[in-house]
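Here is the structure we will look at.
Number of protein chains: 2
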Amino acid sequence: MKIISSISEMQSLSGSLRLKEKKIAVVPTMGSLHEGHLSLIRIAKQNADIVIATIFVNPVQFSPNEDFNKYPRNIERDIALIQKENADVVFTPSLEEIYPKNFETYVTTEKSSTVLEGKFRPTHFKGVTTIVAKLFNITKPHVAIFGQKDAQQVFIIQKMIRDLNFDIHIVVAPIVREHDGLAMSSRNVYLNVQERNDATVVFQSLQYAEQLITNGEFNTFSIKNAMKKMISSKRTVTEIDYISIANAETLDELDMILLNSKTLISLAVRLENTRLIDNIVIGN
Amino acid sequence: MKIISSISEMQSLSGSLRLKEKKIAVVPTMGSLHEGHLSLIRIAKQNADIVIATIFVNPVQFSPNEDFNKYPRNIERDIALIQKENADVVFTPSLEEIYPKNFETYVTTEKSSTVLEGKFRPTHFKGVTTIVAKLFNITKPHVAIFGQKDAQQVFIIQKMIRDLNFDIHIVVAPIVREHDGLAMSSRNVYLNVQERNDATVVFQSLQYAEQLITNGEFNTFSIKNAMKKMISSKRTVTEIDYISIANAETLDELDMILLNSKTLISLAVRLENTRLIDNIVIGN
Chain V
41 MKIISSISEM QSLSGSLRLK EKKIAVVPTM GSLHEGHLSL IRIAKQNADI
91 VIATIFVNPV QFSPNEDFNK YPRNIERDIA LIQKENADVV FTPSLEEIYP
141 KNFETYVTTE KSSTVLEGKF RPTHFKGVTT IVAKLFNITK PHVAIFGQKD
191 AQQVFIIQKM IRDLNFDIHI VVAPIVREHD GLAMSSRNVY LNVQERNDAT
241 VVFQSLQYAE QLITNGEFNT FSIKNAMKKM ISSKRTVTEI DYISIANAET
291 LDELDMILLN SKTLISLAVR LENTRLIDNI VIGN
Chain R
41 MKIISSISEM QSLSGSLRLK EKKIAVVPTM GSLHEGHLSL IRIAKQNADI
91 VIATIFVNPV QFSPNEDFNK YPRNIERDIA LIQKENADVV FTPSLEEIYP
141 KNFETYVTTE KSSTVLEGKF RPTHFKGVTT IVAKLFNITK PHVAIFGQKD
191 AQQVFIIQKM IRDLNFDIHI VVAPIVREHD GLAMSSRNVY LNVQERNDAT
241 VVFQSLQYAE QLITNGEFNT FSIKNAMKKM ISSKRTVTEI DYISIANAET
291 LDELDMILLN SKTLISLAVR LENTRLIDNI VIGN
């Protein structure tokens with residue numbers, strides 16, 4: 041497995057692989073890998089000849105008050121895990137080369153970045169679309185793999201690909217969960233024992249919503265209220281940033297569940313200092 | 041010569057040309073071609089195996105009060121001119137395919153787009169960087185040719201390429217001028233006889249500035265004043281939007297000319313309803 045940190049070296053390797061008609065998949069990560077990331081690499085391998093995993097903790101997608109500095113980093117462990125999955129390249133660029141002096145060019149999805157997560161993290165998706173556009177131009181993939189855990193991120197990257205005509209196909213990988221249903225996240229390490237126990241309510245509330253809908257409750261206001269009540273019962277839950285029930289194709293909030301279209305139920309919950317997100321998609 | 045309007049057809053042609061190791065150059069235009077554009081195509085031919093000229097009048101780079109609707113269009117004549125230059129492909133996409141419903145992704149150079157032209161055309165460069173990023177992803181060039189006439193556009197596109205890691209080399213083509221020095225522009229057709237006569241003052245003022253500097257005048261305030269006086273003497277000049285003497289590497293305004301670095305002298309002048317721009321670069 042090659043470990044590359046230079047942008048021009050990565051570009052020329054991808055360029056020559058393309059000339060050899062190799063199909064390239066990229067798996068962008070911020071490192072601190074868990075089973076969710078590893079599942080992305082496995083899916084990448086099924087979809088391409090060459091798998092490039094990238095590791096870069098992107099400061100531009102963190103707000104000043106967020107956890108950029110304390111975000112978990114363990115590059116040696118990450119590289120070992122990626123190697124075990126038989127990826128071909130790990131791309132680990134430096135901060136200085138990704139954001140050189142006088143960097144000033146950003147990619148923004150102006151509407152989708154303002155809802156859901158965007159309301160609570162107003163500059164987050166601008167950081168995401170900018171780094172992903174850069175990584176696309178550097179790794180030159182045919183296919184890119186993203187996890188459904190960050191549902192809005194997937195939506196926005198697909199929008200960016202369509203709007204800016206990136207000739208890249210996105211594969212969305214299902215959420216990988218702990219045995220008790222908690223969605224895997226690099227931020228789960230922040231949780232203490234009590235918080236980790238309470239955190240299961242995040243996914244439980246989504247399952248509860250699905251059950252309510254199956255039982256015929258289509259009023260999203262009632263469903264959200266039931267979820268809220270369930271979540272608030274946990275002692276370490278300090279804030280529910282949002283509970284959203286939206287058209288999965290547009291992210292527009294719904295008043296009533298429409299069973300003939302896909303509905304994204306998503307939420308963000310704070311347990312003391314840790315912010316967790318999760319989602320399910322229901323309907324056809 | 042191929043005429044292509046479909047984005048996917050253009051992408052797959054460029055993809056297969058790349059697999060054949062053909063070097064691709066793109067010349068992005070808004071049509072209404074003059075000698076300046078044709079010189080870009082000739083330079084493209086010297087730099088690549090395959091030359092793609094694009095024609096697209098990009099609404100996003102015009103403000104609502106600007107001349108998008110009356111901008112000169114003559115696609116048949118343009119195609120004939122491009123064919124005469126032995127380009128290989130003309131790409132003429134539709135408005136609907138370039139900006140589909142719910143388009144929302146923009147590329148912005150946040151600092152460089154606010155000075156010079158950007159002060160008078162606040163959304164202009166956002167439109168330029170967005171369409172150029174799209175055209176890069178559609179035509180997949182190794183080389184792109186832009187004219188020095190739009191000096192700030194060249195600066196901003198080079199900034200975008202560096203910041204977003206487009207693996208594309210820019211060739212900047214010198215300004216092509218009429219016999220009396222007026223820089224060629226698709227907008228010159230707007231000028232009536234008197235305005236066309238007066239318009240020569242735009243380049244004359246740049247030559248005058250260069251002469252003053254050669255004679256030892258390094259104070260940019262004095263140089264700008266002398267230029268202003270010369271330009272204002274013309275009856276049909278209704279407004280001088282700006283006269284700038286800036287560091288060509290940063291676009292920062294200069295108080296004093298520094299002969300050991302490149303200086304961009306640029307200006308925008310309105311003759312009744314027509315807005316003309318021009319520039320020279322002096323120094324090393």
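Protein sequence lines, in the order shown, are assigned to chains V and R.
Counted from 1, the first sequence has number 114 at position 74 by this note's numbering; the numbering is strictly sequential.
Counted from 1, the second sequence has number 157 at position 117 by this note's numbering; the numbering is strictly sequential.
By construction, the Cβ of each residue, glycine as well, lies at the ideal position given by its N, Cα and C atoms.
All values derive from a computational prediction rather than experimental measurement.
- Item | beta strand (DSSP E) segment containing K189(V), residue limits | Sequence index remark: in the first sequence, residue 189(V) carries index 149 (1-based). That residue, K189(V), is in no beta strand (DSSP E); it is neither H nor E in DSSP.
At 8 Å on the CB atoms, spell out the chain R contacts of E150(V), in chain order.
Here the question's residue 150(V) lines up with position 110 in the first sequence. The contacting residues are E144, T145, Y146.
**Asked** Listed from N- to C-terminal order along the chain, which residues in the region 173–191 of chain V have their beta-carbon within a distance smaller than 8 Å of any beta-carbon of chain R?
**Response** A173, K174, N177, I178, K180
Relative to the C-alpha of N21(R), which candidate in V277(R), L53(R), V321(R) has its C-alpha closest? Nothing about residue 21(R) can be reported from this structure: the residues present for chain R run from 41 to 324 only.
From H74(R), K151(R), F160(R), I305(R), residue whose alpha carbon lies closest to that of I115(R): Mapped onto the second sequence, residue 115(R) falls at position 75. Closest option to I115(R), Cα to Cα, is H74(R).
### Query
What does I369(V) reach in chain R if we use C-beta pairs closer than 8 Å?
With chain V running from 41 to 324 in the structure shown, residue 369(V) is simply not present.
Mapping DSSP to helix, strand and coil, what is S284(R)? As a working mapping, residue 284(R) is identified with position 244 in the second sequence. If DSSP states are grouped into helix, strand and coil, S284(R) belongs with the strands.
Starting from L59(V), find everything on chain R with Cβ-Cβ shorter than 9 Å and list it in chain order.
As a first step, residue 59(V) is located in the first sequence; it is residue number 19 there, counting from the start. What L59(V) touches in chain R: R58, L59, E61.
Beta carbon of L307(V) nearer than 8 Å to that of I280(V)
What you label residue 307(V) is simply residue 267 of the first sequence in a count that begins at 1. What you label residue 280(V) is simply residue 240 of the first sequence in a count that begins at 1. Their beta carbons are under 8 Å apart, which means L307(V) touches I280(V) by this criterion.
*Does any residue of chain V bring its CB to less than 8 Å from the CB of Q101(R)?*
By one-based count along the second sequence, residue 101(R) stands at place 61. No - not a single Cβ of chain V is within 8 Å of the one on Q101(R).
Please check if any C-beta of chain R sits within less than 8 Å of the C-beta of Q193(V).
Stepping through the first sequence from its first residue, residue 193(V) is reached at position 153. Not closer than 8 Å to any Cβ of chain R, the Cβ of Q193(V) fails to qualify, so no.
In the DSSP assignment, find the beta strand (DSSP E) that holds D238(V) and state where it starts and stops. The residue given as residue 238(V) occupies position 198 in the first sequence. No beta strand (DSSP E) contains D238(V), which is instead part of the alpha helix (DSSP H) from 233–238.
- Query: Can you tell me whether V229(R) is buried or exposed, with buried defined as 16 or more other CB within 10 angstroms of its CB?
  - Reply: Translated into positions along the second sequence, residue 229(R) becomes position 189. By the 10 Å Cβ count, V229(R) comes out exposed.
Out of Q198(V), T179(V), P214(V), Y146(V), which has the shortest C-alpha to C-alpha gap to S79(V)? As a working mapping, residue 79(V) is identified with position 39 in the first sequence. It is P214(V).
At a Cβ threshold of 8 Å, is Q51(V) touching chain R? Within the first sequence, the letter at position 11 stands for residue 51(V). Closer than 8 Å to some Cβ of chain R, the Cβ of Q51(V) qualifies, so yes.
Going by the CB atoms, is the gap between H182(R) and K63(R) shorter than 8 Å? Against the second sequence, residue 63(R) aligns to sequence position 23. Against the second sequence, residue 182(R) aligns to sequence position 142. For K63(R) and H182(R), yes; Cβs fall inside 8 Å.
### Query
Taking three-plus beta-carbon pairs below 8 Å as touching, is the region 229–238 of chain V in contact with the region 194–205 of chain V?
no
Contact criterion: CB-CB distance below 8 Å. Does M224(V) meet it with respect to chain R? Here residue 224(V) refers to the residue found at position 184 of the first sequence. Not an interface residue.
### Query
Under 8 Å, do V155(R) and L59(R) count as touching if we go by C-beta distance?
Residue mapping note: residue 155(R) aligns to position 115 of the second sequence, counting from 1. Residue mapping note: residue 59(R) aligns to position 19 of the second sequence, counting from 1. The answer is no: Cβ separation not under 8 Å.
> With distances taken from CA atoms, which of K159(R), T314(R), K268(R) is nearest T276(R)?
Replying inline: Within the second sequence, residue 276(R) is the residue found at index 236, counting from 1. Of the candidates K159(R), T314(R), K268(R), the one whose C-alpha sits nearest the C-alpha of T276(R) is T314(R).
Apart from the five residues just before and just after V97(R), which ones in its own chain have a Cβ nearer than 8 Å to its Cβ?
On the second sequence, residue 97(R) is found 57 positions in, with the first residue counted as 1. Closer than 8 Å at the Cβ level, and outside the excluded window around V97(R), lie M70, G71, F108, Y111, R113.
### Query
Hey, T132(V) and I43(V): beta-carbon distance below 8 Å or not?
Numbered from 1 along the first sequence, position 92 holds the residue referred to as residue 132(V). Numbered from 1 along the first sequence, position 3 holds the residue referred to as residue 43(V). Contact flag set, yes.
Query raised in the report: Do you know whose CA, among L53(V), I285(V), E125(V), M224(V), lies nearest D295(V)'s CA?
Result: Mapped onto the first sequence, residue 295(V) falls at position 255. Comparing Cα positions, the closest option is I285(V).
I believe F243(V) touches D318(V) by the beta-carbon criterion, under 8 Å. Please report the beta-carbon distance rounded to the nearest angstrom. Translated into positions along the first sequence, residue 243(V) becomes position 203. Translated into positions along the first sequence, residue 318(V) becomes position 278. Right, the Cβ-Cβ distance comes to about 6 Å (below 8 Å), so this counts as a contact.
| said: Taking beta-carbon pairs under 7 Å, can you tell me which members of the region 247–276 of chain V lie near chain R? | reply: none
(message) Residues of chain V with CB closer than 7 Å to the CB of M200(R), please, in chain order.
(response) For the purposes of this step, residue 200(R) is taken as residue 160 along the second sequence, with counting starting at 1. Simply T145.
Practice task
Consider the Cβ of L294(R): report whether some Cβ of chain A lies at a distance smaller than 8 Å.
Solution key: Of the protein chains in the structure, V and R, none is chain A.
Identify, in the order they occur along the chain, each residue of the same chain with its Cβ nearer than 7 Å to the Cβ of E235(R), setting aside the five sequence neighbours on each side.
-> One-based indexing of the second sequence puts residue 235(R) at position 195. So the qualifying residues of the chain are T276, L311, E312, T314.
- From what residue to what residue does the alpha helix (DSSP H) around V172(V) run? Taking the first residue of the first sequence as 1, we reach residue 172(V) at position 132. Taken as a continuous stretch (DSSP letters only), the alpha helix (DSSP H) holding V172(V) covers 164–179.
Helix, strand or coil, according to DSSP, for H209(R) in the structure here? As a first step, residue 209(R) is located in the second sequence; it is residue number 169 there, counting from the start. Here H209(R) sits in strand by DSSP.
Can you have a look at H219(V) and say buried or exposed, based on whether 16 or more other CB atoms are within 10 angstroms of its CB?
-> Here residue 219(V) corresponds to residue number 179 of the first sequence, with the count starting at 1. By the 10 Å Cβ count, H219(V) comes out exposed.
Just how far apart, CA to CA, sit K39(V) and N287(V)?
Absent from the model: residue 39(V). The displayed extent of chain V is 41 to 324, so no value can be given.
Q. What does a CB cutoff of less than 7 Å around F195(V) pick up in its chain, not counting 5 residues either side in sequence?
A. Numbered from 1 along the first sequence, position 155 holds the residue referred to as residue 195(V). If we look at F195(V) and ignore the five residues flanking it on each side, its Cβ neighbours are S152, L291.
Can you list, in chain order, the residues of its chain with a C-beta nearer than 6 Å to that of D118(R)? Leave out the 5 residues immediately preceding and following it.
For this step, residue 118(R) is matched to residue 78 along the second sequence. Once the five neighbours on either side are set aside, the close Cβ partners of D118(R) are G71, L73, I95.
May I ask you to report which of helix, strand or coil DSSP gives M41(R)? Locating residue 41(R) in the second sequence gives position 1, where the first residue counts as 1. Looking at M41(R) - three-state DSSP - the assignment turns out to be coil, as it is neither helix nor strand.
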